[in-house]
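Each residue of the sequence shown is one higher than the last, beginning at 1135 in the working numbering.
Note that CB positions come from ideal geometry on N, CA and C, so glycine has one too.
If you're wondering where the values come from, they're calculated on a predicted model, not measured in any experiment.
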Amino acid sequence: MNSERIDRSVQTDERTEPVRPDVGAASGALRQVGLALVGAVALTAERADELAESLAGRGGMTKEEVRARIDEASARWRGDAVRIGERAGATLHNALRELGLVTREEWDELELRVAQLEHRLRLVENRPRPVP
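Rendered as structure tokens:
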């Protein structure tokens, strides 16, 4: 097992500033979800087996039992991440709705309706008038 420890509390990119945890509660929650997702994806089968061996030796459980718990936790985290993403999307949609903003889909639908009405109006205006 690799004895190096990697500090992932502040992620940086050569081109950007460090990610600051003090940008707000929502940002912090999203950052935690993102890090959890990265951690879940990065936990490969080999790494999970190494972790299971290590924990089984210390916890009095078999490697298979520990591996099953790791798999359950990973699946639960993935499900939680999806639900949090859906909830965040719904919250954002509701906030935009309260501000009076429309979605792109609603905008496109209204544009189509206006174009249809303009076309109908032109047809009515250009209709030949009956001679009295």
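Asked	Found
Presumed contact (8 Å Cβ cut-off) between residue 1190 and residue 1204, rounded CB distance	Contact flag wrong, Cβ pair sits at about 11 Å.
Residue 1201, buried or exposed, once every other Cβ within 10 Å from all chains shown has been counted against 16	buried
Inter-residue CB distance, residue 1187 and residue 1197 (contact presumed, cutoff 8 Å)	6 Å
Residue 1181 beta carbon near the ligand FAD (any heavy atom closer than 6 Å)	The ligand FAD is not part of the structure shown, which contains no ligands of any sort.
Per-residue DSSP class, three states only, for residue 1226	helix
Neighbourhood of residue 1141 by C-beta, 7 Å cutoff - its chain only, sequence neighbours within 5 removed	Here the model assigns residue 1141 a pLDDT of 41, short of 50, so the residue's position is not dependable, and the following value carries that caveat. Contacts found: none.
Residue 1194 in three-state terms, based on DSSP	coil
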